[in-house]
Amino acid sequence: MVNLILKDILVQKKPFVFFIVFAVIMNSLYSHMDASYVNVIFIMLPVMIIIGCVTNMSIKDEKAENMINSLPVKRIDIILAKYLSVFIFIFIASIIIFVSSSAMNFMGIIHLERLMNFKDVEICAIITIFISSLYFPINFKLGYTNSRYILMSLYMCIFFIPLAIEKLIGDKVKVTPEFIVYINNAPNWQIVSFVICILAIVMIVSFFISYFLYKNKDLA
Amino acid sequence: MNIIISNASKEPIYEQITRQIKDNIINGILYQGELLPSIRSLAKELKISVITTKRAYEELEREGFIETVPGKGSYVSAQNKEFLKEKKIKSIEEKLSQAIEDSRLIGLTKEELKEMLDILYDNI
Amino acid sequence: MDTILEIKDLTKIYKGFKLDKVSLKLSKGYIMGLIGPNGAGKSTTIKLIMNLIRKNSGDIKIFGMDNIENEREIKQRIGFVYDENCFYEDLTVMEMKRVIAPFYKQWDNKVFDKYISKFELPKNKKIKQLSKGMRMKYSLAIALSHNAEFIIMDEPTSGLDPVFRSEMLDILYSLIQDENKGILFSTHITTDLQKAADYITFLNSGKVVFSDDKDSIIENYSIIKGNNGILDKAIRDKFIGINENAFGFEGLTNNTEDIRKLLKDKVLIERASLDDIMVYTVRGNE
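Chains as they are written, first to last, in this note's numbering: chain P, 139 to 358; chain H, 7 to 130; chain L, 2 to 287.
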């Protein structure tokens, strides 16, 4: 099991370098970041990295599928490892953004109003776990090549849905970035626990769907 | 010991091996008690199936030329030289008997037959 | 427990193709070749053994255990070589090993290094930069580095030159010196099996045509050549396939003795190669 997750990380070597460079560049584009931008950057960037890792993992695994399934593992191990890898990606992406932005802030290259904090990580986690839970069953059923547009759509939705909602609802409720600010400032533990429960349920349901789809799938 | 396999020959490969090992034993190239190569290494060297070499060795064992000790290998039988000699003698007797019968059929005398034997023996 | 692989009545149904009640058995210490034309079901059979696809019915037992129930345990002892490169191409030779090695309890780095130097594989080159032959050797190095008792290969030599194929056969010969190992390899290049295999299973259109030791097969089948006038119905029936041309006929039979008795000196009797057997069986009387 650990081996499977490890493999998912080891394949990300090249992408990691890209992500770090990307993070540095993005950070430097905003040399003075006030609250609204900071909130968005600290969420958008890690989410991009995490989804990038998931995409890369899916591409690589599709090619090596026959080999992986011939190793001494069961299908359920493979499925479980994919879900757990997302957590690892969240962790790594958070570190990358935190370190790069804080370092650049410390060196004076950019000015941040605040450093990245756990709230940001939580929101990233919520978004990416949600996307992954929606995506993985489709990936297990169809493979990467047939489902990549779905992944792309899910990913783009996360950024466009708030804007779309804003357009629909108009000025009555301003969403981005105020929506995110609201969540940031709501110290209500009940809301957070509630969200975590929903996520857990979404993830578990997704896992079972993936399991039933992949368990007996014929690999080419 | 040399064993040459012909793929073109009609003789089955295991027979070619059996025959050549027998010859090697008769010629003294393989001496009594000598350890033969294992069926697997023989198969590897000759690049043939191990089933073939196994069959050849089983044949040789059946005819008394070799003995197989489990876990150790196959050895050239002690008795075989006498054994083989006797077999060859028997075979020669049979062939001579046939030659004699054929001679009688065409009216060749014993003297003429002996003369033929002298000439052939010296010239072959 | 001498049997490495035992397949009974294995059936897999696809649209337009059916692997129909395939049965075969491989014991320790032997090499079995799975031959057949393209599309005969060889890869399907191997994928069923490795549980990459699900069977419709039948039994597959490896090391005496059911291949699905004891999947993990069995796969620890299996080394596999597939023809399409299915490694992570961006990783180097050593990096890929670091990904795979932890999966196997009996992984032996010394053995792996020995094969890498024997095959002269550059340790720091990315897998995508290796030639096809080197990739195959790499697959083999990985498959042989965890003490596997059963080596299973799916068309490992297709697209590779005769020199390379001969090297690979030598490697197989060396492997099988260990009586506890068994090798199954599928190919449509019959000349590879002509020498190396102990047993041969011939698949055609999803069915087993025969599964026997190579010597018996070669002894039973012959190519008969003769004049056109000799063929009558009774004799034609004894042939699996006949090729007639303006100057005579050539046919394959597995009734060599009968033909010999019937036709004696009127025909030329030659040993049939596996190629002959495969082509005549598949093409019949075209």
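Just so it is clear, CB atoms sit at the ideal spot from N, CA and C, and this is done for glycine as well.
It should be emphasised that the depicted structure is a prediction, and the values quoted were computed from it without experimental measurement.
For chain L, is any of its Cβ atoms less than 8 Å away from the one on Met242 (chain P)? As a working note, residue 242 (chain P) is residue 104 in the first sequence. Judged by the 8 Å Cβ criterion, Met242 (chain P) is not in contact with chain L.
Three-state secondary structure (DSSP) at Lys29 (chain L)? Translated into positions along the third sequence, residue 29 (chain L) becomes position 28. Correct three-state label for Lys29 (chain L): coil.
Given a cut-off of 8 Å, decide if Tyr63 (chain H) and Ile35 (chain H) are closer than it, judged by their beta-carbon atoms. Here the question's residue 35 (chain H) lines up with position 29 in the second sequence. Here the question's residue 63 (chain H) lines up with position 57 in the second sequence. Contact: no.
Could you tell me the boundaries of the alpha helix (DSSP H) in which Glu245 (chain L) lies? Working through the third sequence from its first residue, we reach residue 245 (chain L) at position 244. Run containing Glu245 (chain L): none in the alpha helix (DSSP H); it sits in the beta strand (DSSP E), 240 to 246.
Quick check: what's the CA-CA separation for Glu138 (chain H) versus Lys50 (chain H)? Lying outside 7 to 130, the shown extent of chain H, residue 138 (chain H) is not represented and no answer is given.
Does any residue of chain P bring its CB to less than 8 Å from the CB of Gln178 (chain L)? To locate residue 178 (chain L), count along the third sequence from 1; it is residue 177. Closer than 8 Å: no.
Restricting to runs no shorter than 3 residues, where is the beta strand (DSSP E) found entirely within the region 207 to 231 of chain L? 208 to 214, 223 to 227
Inter-residue spacing [alpha-carbon to alpha-carbon] between Phe346 (chain P) and Arg286 (chain P): Within the first sequence, numbered from 1, the residue matching residue 346 (chain P) stands at position 208. Within the first sequence, numbered from 1, the residue matching residue 286 (chain P) stands at position 148. C-alpha separation (whole angstroms): 21 Å.
Considering only C-alpha positions, which residue in the set P:Leu253, P:Ile234, P:Gln328, P:Ala219 is nearest to Val140 (chain P)? Taking the first sequence and counting its residues from 1, the one referred to as residue 140 (chain P) is at position 2. Per the Cα distances, P:Ala219.
Report all residues from its chain with a CB closer than 7 Å to the CB of Thr266 (chain P); omit the five preceding and five following residues, and keep chain order. The count along the first sequence starts at 1 and reaches residue 266 (chain P) at position 128. Once the five neighbours on either side are set aside, the close Cβ partners of Thr266 (chain P) are Val185, Ile188, Ile189, Val224, Ile228.
Between which two residues does the beta strand (DSSP E) carrying Thr58 (chain H) extend? Mapped onto the second sequence, residue 58 (chain H) falls at position 52. No beta strand (DSSP E) contains Thr58 (chain H), which is instead part of the alpha helix (DSSP H) from 56 to 68.
Gly252 (chain L), buried or exposed, once every other Cβ within 10 Å from all chains shown has been counted against 16: Start at 1 with the first residue of the third sequence, and residue 252 (chain L) comes out as number 251. By the 10 Å Cβ count, Gly252 (chain L) comes out buried.
Determine, using beta carbons only, whether Lys56 (chain L) and Val94 (chain L) come nearer to each other than 8 Å. As a first step, residue 56 (chain L) must be located in the third sequence, where it is residue number 55. As a first step, residue 94 (chain L) must be located in the third sequence, where it is residue number 93. Not in contact: Lys56 (chain L) and Val94 (chain L) (Cβ atoms no closer than 8 Å).
What residues are listed by DSSP as bridge partners for Phe81 (chain L)? Taking the first residue of the third sequence as 1, we reach residue 81 (chain L) at position 80. Beta-bridge pairing links Phe81 (chain L) to L:Ile153.
Write down the C-beta distance between Tyr222 (chain L) and Ile278 (chain L) rounded to the nearest angstrom, noting that I regard them as a contact closer than 8 Å. On the third sequence, residue 222 (chain L) is found 221 positions in, with the first residue counted as 1. On the third sequence, residue 278 (chain L) is found 277 positions in, with the first residue counted as 1. With 8 Å as the limit, Tyr222 (chain L) and Ile278 (chain L) qualify as a contact, their Cβ atoms being about 5 Å apart.
For Cys191 (chain P), is the classification buried or exposed, using 16 other Cβ atoms within 10 angstroms of its Cβ as the cut-off for buried? The residue you call residue 191 (chain P) lines up with position 53 of the first sequence. Buried, since its Cβ has 16 or more Cβ neighbours within 10 Å.
From the DSSP secondary-structure annotation, give me the bridge partner or partners of Thr188 (chain L). The sequence position of residue 188 (chain L) within the third sequence is 187, counting from 1. DSSP output for Thr188 (chain L) lists L:Ile36 as bridge partner(s).
Interface residues of chain H facing Ser212 (chain L) [CB-CB closer than 7 Å]: Along the third sequence, one-based indexing puts residue 212 (chain L) at 211. Residues of chain H passing the Cβ test: none, with the nearest at roughly 14 Å.
Residues near Asp109 (chain L) in its chain [Cβ-Cβ closer than 8 Å; skip 5 each side]: For the purposes of this step, residue 109 (chain L) is identified with residue 108 of the third sequence, where counting begins at 1. Counting only Cβ-Cβ distances below 8 Å, and skipping sequence neighbours, we find Ser146, His147, Asn148.
Could you name the residues that DSSP lists as bridge partners for Asn204 (chain P)? What you label residue 204 (chain P) is simply residue 66 of the first sequence in a count that begins at 1. Note: Asn204 (chain P) sits in no beta bridge, so no partner.
Pick from L:Ser28, L:Ser24, L:Ile32 that is closest to Gly42 (chain L), judged by C-alpha positions: For the purposes of this step, residue 42 (chain L) is taken as residue 41 along the third sequence, with counting starting at 1. Answer by Cα proximity: L:Ser24.
Contact list for Tyr63 (chain H) against chain L, beta-carbon separation under 8 Å: Counting from 1 along the second sequence, the entry for residue 63 (chain H) is found at position 57. Chain L residues near Tyr63 (chain H): none, gap ~14 Å exceeds 8 Å.
For Thr24 (chain H), the first and last residue of its enclosing beta strand (DSSP E): For the purposes of this step, residue 24 (chain H) is taken as the residue at position 18 of the second sequence. Thr24 (chain H) -> not in any beta strand (DSSP E); alpha helix (DSSP H) instead, spanning 19 to 32.
In chain L, what lies closer than 8 Å to Tyr20 (chain H) by C-beta? Translated into the one-based positions of the second sequence, residue 20 (chain H) becomes position 14. Going along chain L in sequence order, the residues near Tyr20 (chain H) (Cβ under 8 Å) are Asp216.
Could you tell me which uninterrupted alpha helix (DSSP H) segments, each at least 4 residues in length, are contained entirely in the region 147 to 191 of chain P, listed from first to last along the chain? 151 to 167
Roughly how many whole angstroms lie between the Cα atoms of Glu260 (chain P) and Ser240 (chain P)? Locating residue 260 (chain P) in the first sequence gives position 122, where the first residue counts as 1. Locating residue 240 (chain P) in the first sequence gives position 102, where the first residue counts as 1. Distance between the alpha carbons of Glu260 (chain P) and Ser240 (chain P) is about 18 Å.
Whose C-alpha, out of P:Met195, P:Phe332, P:Met245, P:Asp215, is nearest the C-alpha of Leu289 (chain P)? Counting from 1 along the first sequence, the entry for residue 289 (chain P) is found at position 151. Comparing Cα-Cα distances from Leu289 (chain P) to each of P:Met195, P:Phe332, P:Met245, P:Asp215, the minimum goes to P:Met195.
Helix, strand or coil for Met1 (chain H)? Go by DSSP, reduced to three states. A query on residue 1 (chain H) cannot be resolved here, the shown segment of chain H reaching from 7 to 130 and no further.
State whether the region 200 to 212 of chain L contacts the region 61 to 70 of chain L, with contact taken as three or more CB pairs (one from each stretch) at a distance under 8 Å. Contact fails: fewer than three Cβ-Cβ distances are below 8 Å.
Name the two residues that bound the continuous alpha helix (DSSP H) containing Arg237 (chain L). As a working note, residue 237 (chain L) is residue 236 in the third sequence. It spans 234 to 237 - the alpha helix (DSSP H) in which Arg237 (chain L) sits, taken as one unbroken run.
Give the residues of chain L in contact with Thr4 (chain H), contact being defined as C-beta atoms less than 7 Å apart. Because chain H spans 7 through 130 in this model, residue 4 (chain H) falls outside it and cannot be assessed.
What are the boundary residues of the alpha helix (DSSP H) that Asp277 (chain L) is part of? If you number the third sequence from 1, residue 277 (chain L) lands on position 276. Note, Asp277 (chain L): alpha helix (DSSP H), 275 to 284.
Return the CA-CA distance between Phe244 (chain P) and Arg78 (chain L), expressed in angstroms with no decimal places. Taking the first sequence and counting its residues from 1, the one referred to as residue 244 (chain P) is at position 106. Taking the third sequence and counting its residues from 1, the one referred to as residue 78 (chain L) is at position 77. In a straight line, the C-alpha of Phe244 (chain P) is about 54 Å away from that of Arg78 (chain L).
Cβ of Val56 (chain H) less than 8 Å from any chain L Cβ? Sequence index remark: in the second sequence, residue 56 (chain H) carries index 50 (1-based). Chain L, which has a Cβ nearer than 8 Å to the Cβ of Val56 (chain H), makes this yes.
Is the CB of Val23 (chain L) under 8 Å away from at least one CB in chain P? Position 22 of the third sequence, counted from the start, is the residue given in the question as residue 23 (chain L). Val23 (chain L) is outside the set of residues whose beta carbon lies under 8 Å from a beta carbon in chain P.
Continuous beta strand (DSSP E) assignments of at least 3 residues falling wholly in the region 73 to 128 of chain H: 79 to 82
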